[in-house]
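Student: Same order as they appear, the protein sequences are chains A and B. For the first sequence, position 35 (counting from the first letter as 1) is numbered 34 according to numbering that gives the first Met the number 0, and the numbering increases by one without interruption. For the second sequence, position 34 (counting from the first letter as 1) is numbered 33 according to numbering that gives the first Met the number 0, and the numbering increases by one without interruption. Backbone N, C-alpha and C define an ideal beta-carbon position, used for all residues, glycine too.
There are 2 protein chains.
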Amino acid sequence: MQKPRILVIDDEVEIANLIEKYLLREGYSVRVVYNGNTALEAAQEYEPHLIILDILLPDANGIDICIRLRQLTTAPLLFLSCKDEEADKVLGLTVGADDYVTKPFSPGELMARVKANLRRAQIGGQSRSDELLRFDRLVINPISHTVSVDDVNLELTAKEFELLLFLVQHPNQVFSTEHLFHRLWGEHSLGDTRTVLVHISNLRKKIQPAPGYPEYIATVRGIGYKFRTQL
Amino acid sequence: MQKPRILVIDDEVEIANLIEKYLLREGYSVRVVYNGNTALEAAQEYEPHLIILDILLPDANGIDICIRLRQLTTAPLLFLSCKDEEADKVLGLTVGADDYVTKPFSPGELMARVKANLRRAQIGGQSRSDELLRFDRLVINPISHTVSVDDVNLELTAKEFELLLFLVQHPNQVFSTEHLFHRLWGEHSLGDTRTVLVHISNLRKKIQPAPGYPEYIATVRGIGYKFRTQL
DNA sequence: AGCTAACCTAAAGAATACCTAAAGAATGGC
DNA sequence: GCCATTCTTTAGGTATTCTTTAGGTTAGCT
């Protein structure tokens with residue numbers, strides 16, 4: 000079983016190192032960065048399963064970083080803050096944080112939250128399920144090749160699944176039908192790239208949680224399509 | 000969608016023109032130069048998405064030009080040569096060329112290489128080189144193709160987005176409507192350049208943070224327009 | 001102030017891109 | 001070899017976006 004990877008973003012070195020120590024003791028793989036800019040790089044390169052983010056950073060606002068992290072990853076995000084004002088709590092959660100811990104906190108509490116969030120994201124507990132992707136009401140399991148909305152399994156065809164997986168693995172990135180076609184059908188495939196369009200259309204119908212619910216796959220007219228994490 | 004711009008550097012006029020002809024037929028925007036010195040200028044001014052470079056040039060060695068081009072741009076570089084010696088091939092790729100075609104070549108092969116390299120560049124390049132552009136209350140994300148003012152997303156059309164992106168990427172530089180037209184619509188496009196003007200007008204309305212707020216896009220009477228970073 | 005040239009913008013027509021349903025082609029299981 | 005499923009192509013309808021036009025506005029000059 001692969002160790003869950005956790006990214007810690009905190010400018011206060013002592014606190015960051017303390018958190019790291021506890022996480023390591025629990026058996027996680029940890030990386031620590033001390034500012035927002037390197038955080039974004041680390042999120043891309045390290046591909047963490049969970050992120051612990053301090054709201055007070057020197058170079059950028061934590062919420063700002065949060066928004067930008069959300070565009071890079073779907074890993075659960077745990078906010079850390081000195082302020083326990085309600086306003087911040089609400090704001091933090093709406094911009095994409097999954098949980099919120101206020102300083103001062105007990106290490107035990109933090110560990111519990113980490114564990115809970117990893118479990119909810121279905122990482123760490125089961126074998127090889129660290130590959131599970133989830134967003135909103137949608138859960139994709141590349142290993143068992145299944146997709147569910149609100150825990151109801153969907154019957155996707157092979158191409159539909161590939162297409163969805165690719166888009167979810169690159170959230171908020173726009174791809175033209177040509178790009179998608181060559182990416183999924185092979186570099187040298189020739190054929191009508193409009194076939195991508197048909198699959199997207201069918202896919203949308205299937206993954207739609209409810210009529211009128213915002214589309215997961217957004218059309219960017221004149222450019223292409225993207226899986227958006229801001230509905 | 001913006002036409003990809005391709006810079007062709009070859010001293011043999013007939014060959015250069017033949018390549019140009021085929022590229023134009025594929026829908027690319029093309030500029031041709033016949034020697035190494037003007038190539039460097041063109042690379043800076045034209046900002047091509049891909050460069051085709053003949054290894055045998057009158058005034059400078061192609062590999063030499065290649066090295067210097069690499070300092071100016073990250074666009075994929077396609078080497079062209081009569082010699083199909085292995086040594087050259089290896090050397091060409093190590094100094095920064097992305098692909099290598101030996102003369103005589105079929106136009107189809109060259110077009111296929113061009114296409115493949117452009118695609119590869121767009122896929123790989125997006126994740127790291129493109130950054131979030133921000134100025135004042137305006138934020139532009141080229142990857143997700145979104146623009147926001149004060150964190151409120153704007154609904155821009157494809158052309159509006161292209162235009163804004165270009166201006167923001169060249170801050171404080173004045174461009175005539177002709178220049179903008181040829182840049183965004185393609186080198187050889189014909190049509191009324193006043194259409195640019197209409198897009199600028201629509202754009203201003205959309206990106207305006209508040210009534211009476213200074214315009215991001217300034218008119219330079221008799222000259223053109225610029226995106227100004229001093230409001 | 002009046003004139004002119006340059007610029008702006010609203011609006012209408014033309015062009016384009018997109019969506020969807022449905023039919024035909026390919027694939028894979030029995 | 002046949003049937004069921006999935007994939008691809010096609011085509012028509014629709015909505016959006018682009019371009020053009022034309023009249024109004026502004027800025028700069030004499």
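Quick check: Leu-71 of chain A and Gln-43 of chain A, are their CB atoms within less than 8 Å of each other?
Tutor: The residue given as residue 71 of chain A occupies position 72 in the first sequence. The residue given as residue 43 of chain A occupies position 44 in the first sequence. It is a contact, given that the beta carbons lie within the stated cut-off.
Student: The alpha helix (DSSP H) that contains Arg-67 of chain B, what's its start and end?
Tutor: Sequence index remark: in the second sequence, residue 67 of chain B carries index 68 (1-based). Per DSSP, Arg-67 of chain B belongs to the alpha helix (DSSP H) from 61-69.
Student: Relative to the alpha-carbon of Arg-4 of chain A, which residue among A:Val-32, A:His-48 and A:Pro-170 has its alpha-carbon at the smallest distance?
Tutor: Counting from 1 along the first sequence, the entry for residue 4 of chain A is found at position 5. Considering only alpha carbons, the answer is A:His-48.
Student: Answer yes or no: does any C-beta atom of chain B fall closer than 8 Å to that of His-198 of chain A?
Tutor: Position 199 of the first sequence holds residue 198 of chain A. Cβ-Cβ to chain B under 8 Å: no for His-198 of chain A.
Student: Measuring straight from C-alpha to C-alpha, what distance separates Leu-230 of chain B and Leu-166 of chain B?
Tutor: Here residue 230 of chain B refers to the residue found at position 231 of the second sequence. Here residue 166 of chain B refers to the residue found at position 167 of the second sequence. The alpha-carbon atoms of Leu-230 of chain B and Leu-166 of chain B are separated by roughly 15 Å.
Student: Would Ile-222 of chain B be called buried (16 or more neighbouring beta carbons within 10 Å of its own) or exposed?
Tutor: Position 223 of the second sequence, counted from the first residue, corresponds to residue 222 of chain B. So Ile-222 of chain B ends up on the exposed side.
Student: Taking contact to mean 3 or more Cβ pairs, one atom from each stretch, closer than 8 Å, check whether the segment 132-147 of chain A and the segment 188-197 of chain A are in contact.
Tutor: As far as the Cβ criterion goes, the segment 132-147 of chain A does not touch the segment 188-197 of chain A, which means the pair count is below three.
Student: Measure the CB-CB distance between Pro-170 of chain A and Phe-104 of chain A and report whether it falls below 8 Å.
Tutor: Against the first sequence, residue 170 of chain A aligns to sequence position 171. Against the first sequence, residue 104 of chain A aligns to sequence position 105. Taking 8 Å as the Cβ cut-off, Pro-170 of chain A and Phe-104 of chain A do not qualify as a contacting pair.
Student: Hey, out of A:His-181, A:Glu-25 and A:Leu-17, whose CA is closest to Val-31 of chain A's CA?
Tutor: Position 32 of the first sequence, counted from the first residue, corresponds to residue 31 of chain A. Checking every option, the nearest Cα to that of Val-31 of chain A belongs to A:Leu-17.
Student: Just how far apart, CA to CA, sit Thr-156 of chain A and Asp-150 of chain A?
Tutor: Taking the first residue of the first sequence as position 1, residue 156 of chain A is located at position 157. Taking the first residue of the first sequence as position 1, residue 150 of chain A is located at position 151. If you take the alpha carbons of Thr-156 of chain A and Asp-150 of chain A, they lie about 18 Å apart.
Student: For the candidate residues A:Tyr-45, A:Trp-184, A:Leu-163 and A:Thr-176, whose alpha-carbon lies nearest to that of Glu-214 of chain A?
Tutor: Here residue 214 of chain A refers to the residue found at position 215 of the first sequence. Closest by alpha carbon: A:Leu-163.
Student: Using C-beta distances below 7 Å, list every residue in its chain close to Leu-153 of chain B, excluding the 5 sequence neighbours before and after it, in chain order.
Tutor: Locating residue 153 of chain B in the second sequence gives position 154, counting from the first residue. For Leu-153 of chain B, where only same-chain residues beyond five positions count, the Cβ hits under 7 Å are Val-146, Ser-147, Lys-205 and Ile-206.
Student: Any beta carbon of chain A sitting closer than 8 Å to that of His-144 of chain B?
Tutor: Taking the second sequence and counting its residues from 1, the one referred to as residue 144 of chain B is at position 145. Chain A contact via Cβ: present.
Student: In the DSSP assignment, find the beta strand (DSSP E) that holds Ile-5 of chain B and state where it starts and stops.
Tutor: Numbered from 1 along the second sequence, position 6 holds the residue referred to as residue 5 of chain B. Looking at the DSSP string, the run of the beta strand (DSSP E) that includes Ile-5 of chain B is 4-8.
Student: With a 10 Å radius around its C-beta and 16 neighbouring C-beta atoms as the bar for buried, classify Ile-161 of chain B as buried or exposed.
Tutor: Reading the second sequence from its first residue, position 162 is the one you call residue 161 of chain B. Per the sequence shown, residue 161 of chain B should be read as Glu rather than Ile. Buried, since its Cβ has 16 or more Cβ neighbours within 10 Å.
Student: If I measure Cβ to Cβ from Cys-81 of chain B and keep anything under 6 Å in the same chain, skipping five residues before and after, which residues do I get?
Tutor: Working through the second sequence from its first residue, we reach residue 81 of chain B at position 82. Excluding sequence neighbours, Cys-81 of chain B sits near Lys-102.
Student: Which residue marks the beginning of the beta strand (DSSP E) containing Asn-140 of chain B, and which one marks its end?
Tutor: Your numbering for residue 140 of chain B matches position 141 in the second sequence. Unbroken beta strand (DSSP E) run through Asn-140 of chain B: 137-140.
Student: Going by the DSSP bridge assignment, what does Ser-28 of chain A pair with across the sheet?
Tutor: Residue numbering aside, residue 28 of chain A sits at position 29 when the first sequence is read from its first letter. Its beta-bridge partners are A:Arg-4.
Student: Find the residues of chain B that neighbour Lys-225 of chain A, judging by a C-beta separation of less than 8 Å, and give them in chain order.
Tutor: If you number the first sequence from 1, residue 225 of chain A lands on position 226. Near Lys-225 of chain A (Cβ distances below 8 Å), the residues of chain B are Ser-143 and His-144.
Student: Verify the CB distance criterion: does Ala-157 of chain B have a CB-CB separation below 8 Å to chain A?
Tutor: As a first step, residue 157 of chain B is located in the second sequence; it is residue number 158 there, counting from the start. At least one chain A Cβ lies under 8 Å of Ala-157 of chain B.
Student: Would you please state the rounded distance, in angstroms, between the beta carbons of Ile-8 of chain B and Ile-50 of chain B? I believe it to be under 8 Å.
Tutor: As a working note, residue 8 of chain B is residue 9 in the second sequence. As a working note, residue 50 of chain B is residue 51 in the second sequence. Contact flag correct, Cβ pair sits at about 7 Å.
Student: Applying the criterion that 16 or more other CB atoms from any shown protein chain within 10 Å of the CB defines a buried residue, is Asp-63 of chain B buried or exposed?
Tutor: The count along the second sequence starts at 1 and reaches residue 63 of chain B at position 64. Looking at its Cβ environment, which holds fewer than 16 other Cβ atoms inside 10 Å, Asp-63 of chain B is exposed.
Student: Do Leu-39 of chain B and Leu-68 of chain B have their C-beta atoms closer together than 8 Å?
Tutor: For the purposes of this step, residue 39 of chain B is taken as residue 40 along the second sequence, with counting starting at 1. For the purposes of this step, residue 68 of chain B is taken as residue 69 along the second sequence, with counting starting at 1. Cβ distance < 8 Å, so Leu-39 of chain B and Leu-68 of chain B count as in contact.
Student: Leaving aside the five residues before and after Leu-183 of chain B along the sequence, list all residues of the same chain whose C-beta is less than 7 Å from its C-beta, in chain order.
Tutor: Counting from one through the second sequence, the residue named residue 183 of chain B turns up at place 184. Cβ neighbours of Leu-183 of chain B beyond the five flanking positions: Gln-1, Glu-161, Leu-162 and Phe-165.
Student: At a CB distance below 8 Å, what residues from the segment 176-207 of chain B approach chain A? Give them in sequence order.
Tutor: Within the segment 176-207 of chain B, no residue has a Cβ that lies closer than 8 Å to any Cβ of chain A.
Student: Which residue comes first and which comes last in the alpha helix (DSSP H) that contains Val-197 of chain A?
Tutor: Taking the first sequence and counting its residues from 1, one reaches residue 197 of chain A at position 198. Where Val-197 of chain A is concerned, the enclosing alpha helix (DSSP H) stretches over 193-206.
Student: Using a beta-carbon distance cut-off of less than 8 Å, what residues from the segment 1-26 of chain B approach chain A?
Tutor: Answer set for the segment 1-26 of chain B: empty.
Student: Would you give the residue range spanned by the beta strand (DSSP E) that Phe-78 of chain B belongs to?
Tutor: The count along the second sequence starts at 1 and reaches residue 78 of chain B at position 79. 76-80 is the span of the beta strand (DSSP E), which, as asked, contains Phe-78 of chain B.
Student: Can a CB atom of chain B be found closer than 8 Å to the CB of Asp-222 of chain A?
Tutor: Translated into positions along the first sequence, residue 222 of chain A becomes position 223. Correcting the residue type first, residue 222 of chain A is Ile in the shown sequence and not Asp. By this cut-off, Ile-222 of chain A is an interface position.
Student: Can a CB atom of chain A be found closer than 8 Å to the CB of Gln-125 of chain B?
Tutor: The residue given as residue 125 of chain B occupies position 126 in the second sequence. Caution applies to Gln-125 of chain B, whose pLDDT of 43 falls short of 50 and renders its modelled position unreliable; the value that the coordinates give is listed next. Output row for Gln-125 of chain B: interface = yes.
Student: In the DSSP output, which residue or residues are listed as bridge partners for Thr-156 of chain B?
Tutor: Taking the first residue of the second sequence as position 1, residue 156 of chain B is located at position 157. None; Thr-156 of chain B has no bridge partner.
Student: Within 8 Å (strictly less), CB to CB, does Ser-128 of chain B reach chain A?
Tutor: Here residue 128 of chain B refers to the residue found at position 129 of the second sequence. Caution applies to Ser-128 of chain B, whose pLDDT of 40 falls short of 50 and renders its modelled position unreliable; the model cannot decide the point.
Student: In chain A, which residues lie less than 8 Å from Glu-112 of chain B when you measure between Cβ atoms?
Tutor: Translated into the one-based positions of the second sequence, residue 112 of chain B becomes position 113. At residue 112 of chain B the sequence reads Arg, which differs from the Glu that was named. Result: empty, since nearest Cβ-Cβ is about 12 Å, beyond 8 Å.
Student: List the residues of chain A whose Cβ lies closer than 9 Å to the Cβ of Arg-133 of chain B, in chain order.
Tutor: Position 134 of the second sequence, counting from 1, holds the residue named residue 133 of chain B. Result: empty, since nearest Cβ-Cβ is about 10 Å, beyond 9 Å.
Student: Quick one: give me the first and last residue of the beta strand (DSSP E) that Tyr-99 of chain B is part of.
Tutor: Numbered from 1 along the second sequence, position 100 holds the residue referred to as residue 99 of chain B. Here the beta strand (DSSP E) through Tyr-99 of chain B covers 98-101.
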